[in-house]
Amino acid sequence: AFESDAVEMVARLMALSARTAPKARGIDVIKTMIVVGDERNVLAEAMREYGERHNVEFFIRDAGNVAASDACLLIGSLFDDAVGLNCGACGYP
């Protein structure tokens, strides 16, 4: 209980840090979300299913990590090309 509360507080501070970090051209495109409890388990299962369906081993591995965690901080971008990375999850070409 205490440890889970502490992890959630750290996740909130990390989300705040991501939101207040300097932005390119001063444009804020960052979105954050903290996933805990049952929602975290739903996320982990969706990641595992995606990994199995598309044969992406790191999704399967990370699904286990998410399931075993107290909280998961998601950091995303409003623009699909904002960071130039392609994990394949969003369909970015």
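Residue numbering for the sequence shown follows full-length UniProt numbering, beginning at 1 and increasing consecutively.
We treat Cβ as the ideally placed atom computed from N, Cα and C, and that holds for glycine.
- Counting C-beta atoms within 10 angstroms of its own C-beta, Ala-71 has 16 or more neighbours from the protein chains shown and is therefore classed as buried.
- Per DSSP, reduced to three states, the secondary structure at Ile-75 is strand.
- Scanning Asn-55, Leu-78, Ala-63 for the CA closest to the CA of Arg-48 turns up Ala-63.
- Around the CB of Val-66, 16 or more other CB atoms lie within 10 Å, so the residue is classed as buried.
- Taking Ala-11 as the centre and dropping the five residues before and after it, the same chain places the C-beta of Ile-34, Ala-71, Leu-73 closer than 7 Å to its C-beta, in chain order.
- The Cβ-Cβ distance between Ala-18 and Ile-60 does not fall below 8 Å.
- Checking the DSSP bridge columns, you'll see Thr-32 partnered with Ile-75.
- Between Ser-69 and Val-7, the alpha-carbon positions lie close to 9 Å from each other.
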